[in-house]
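Taken in sequence, the protein lines are chains W and Y.
Under my numbering, the first residue of the first sequence carries the number 83, and numbering increases by one thereafter.
Under my numbering, the first residue of the second sequence carries the number 130, and numbering increases by one thereafter.
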Amino acid sequence: MSDRLVRFPGASWQDIEALPQPLRWTVQRVIFHLLEEPVPTLADPFPADDPLPGAYELRLSADDVTIWYTVTVHERQVLGRHGGGVDTKGPDLGFRIGAGEGNRTLMTSLESCGPQLSELLRSRSGYVCQ
Amino acid sequence: MVSIPRVELDALKAELRRLRPEVGRAVAKARIEADPGPGDESQMFTRDELAEAWGISE
C-alpha cells in the first residue's frame with residue numbers, strides 16, 4: 083500500500099480537469115500510476131542536457147503527452163512520537179510532476195514519505211511524517 | 130480564400146510538432162523551479178483520495 087501523496091500546485095488541478103477526454107483520462111491514470119511507481123523505466127532525466135536534481139521526463143508518444151516530474155527530499159517538520167508538539171525535523175521524499183500536451187503544460191507534484199516513515203498525519207498546510 | 134501549397138502546410142505542421150515539446154519543456158522547467166514545494170495551500174491527495182476524486186477503480 084503506497085503512502086505517497088500527490089500535490090497539485092497552482093492551477094494544475096484545474097488544468098487537468100480542463101483537458102479533453104480521453105487525454106484527461108490518460109493523464110490522470112499516468113499520475114495515479116506514478117504514485118505506485120514514481121520512476122518508471124521509460125522516464126528520462128530532465129532536462130536532458132543539464133538535469134534538475136531528481137527531475138524526469140516521461141513521454142507518452144501514443145497520446146502525444148509528456149509528464150515532467152522531480153523526486154526531491156524536503157526537510158519537513160514531524161510530530162513528536164508521543165503526541166507532543168513539533169519537536170524535530172525529518173526527511174520527506176517529494177515528487178513534483180508536470181504534464182504537457184500541445185500548447186499547454188500541466189503541473190502537479192507528488193509527495194511521499196520514505197519507506198522508513200510509516201505514518202502520515204495531515205497538518206494545516208499539508209502532510210507531516212512521523 | 131488563401132491557398133497554401135500542401136508541402137508548405139505539411140512542413141509547418143512538422144515544425145509545430147517539433148516546437149511544441151520544446152515550449153513544453155521550457156515551461157515545465159520554469160514551473161518546477163518556481164514551485165516552492167509543500168507547505169503552501171496546494172491540493173494534496175493520498176492514492177485512495179485521488180482514486181475517488183478521479184473515479185479511478187482498480
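We treat Cβ as the ideally placed atom computed from N, Cα and C, and that holds for glycine.
Looking only at its own chain, which residues have a Cβ that is under 8 Å from the Cβ of residue i, when we skip the five neighbours before and after it?
| i | result |
| --- | --- |
| P133 of chain W | P127 |
| A163 of chain Y | none |
Check residue i in the structure and name its three-state DSSP category.
| i | result |
| --- | --- |
| A125 of chain W | coil |
| I185 of chain Y | coil |
| A130 of chain W | coil |
| Q59 of chain W | This structure gives no information on residue 59 of chain W, because the portion of chain W shown stretches from 83 to 212. |
| Q96 of chain W | helix |
| R135 of chain Y | helix |
| G166 of chain W | Any reading at G166 of chain W needs caution, since the residue's pLDDT is 37, under 50, leaving its predicted position unreliable; the model's value is listed next. G166 of chain W falls in the coil class under three-state DSSP. |
| R146 of chain Y | helix |
| E162 of chain Y | helix |
| V141 of chain W | Per the sequence presented here, residue 141 of chain W reads as Arg, with Val not at that position. The answer is strand: DSSP assigns R141 of chain W an E or B state. |
| L101 of chain W | coil |
| L87 of chain W | strand |
Quick one, which of the options has its alpha-carbon nearest residue i's?
| i | options | result |
| --- | --- | --- |
| W150 of chain W | Y:E178, Y:A182, Y:A155 | Y:A155 |
| I161 of chain Y | W:E139, W:S143, W:D145 | W:E139 |
| L142 of chain W | Y:P150, Y:P134, Y:K158 | Y:P150 |
| G136 of chain W | W:A125, W:D145, W:A144 | W:A125 |
Tell me whether the beta-carbon of residue i lies closer than 8 Å to the beta-carbon of residue j.
| i | j | result |
| --- | --- | --- |
| T148 of chain W | G166 of chain Y | no |
| E111 of chain W | I98 of chain W | According to the sequence as given, residue 111 of chain W is Arg; it is not Glu. No, the pair does not count as a contact, with Cβ atoms beyond the cut-off. |
| P129 of chain W | K158 of chain Y | yes |
| A182 of chain Y | F114 of chain W | no |
To which residues of the same chain is residue i closer than 6 Å at the C-beta, ignoring the five residues directly before and after it?
| i | result |
| --- | --- |
| V136 of chain Y | none |
| G168 of chain Y | none |
Excluding sequence positions up to five away, which residues of its chain have a Cβ less than 7 Å from the Cβ of residue i?
| i | result |
| --- | --- |
| E170 of chain Y | none |
| E178 of chain Y | none |
task: State whether the segment 86-95 of chain W contacts the segment 165-180 of chain Y, with contact taken as three or more CB pairs (one from each stretch) at a distance under 8 Å.
output: At 8 Å Cβ cutoff, the stretches touch.
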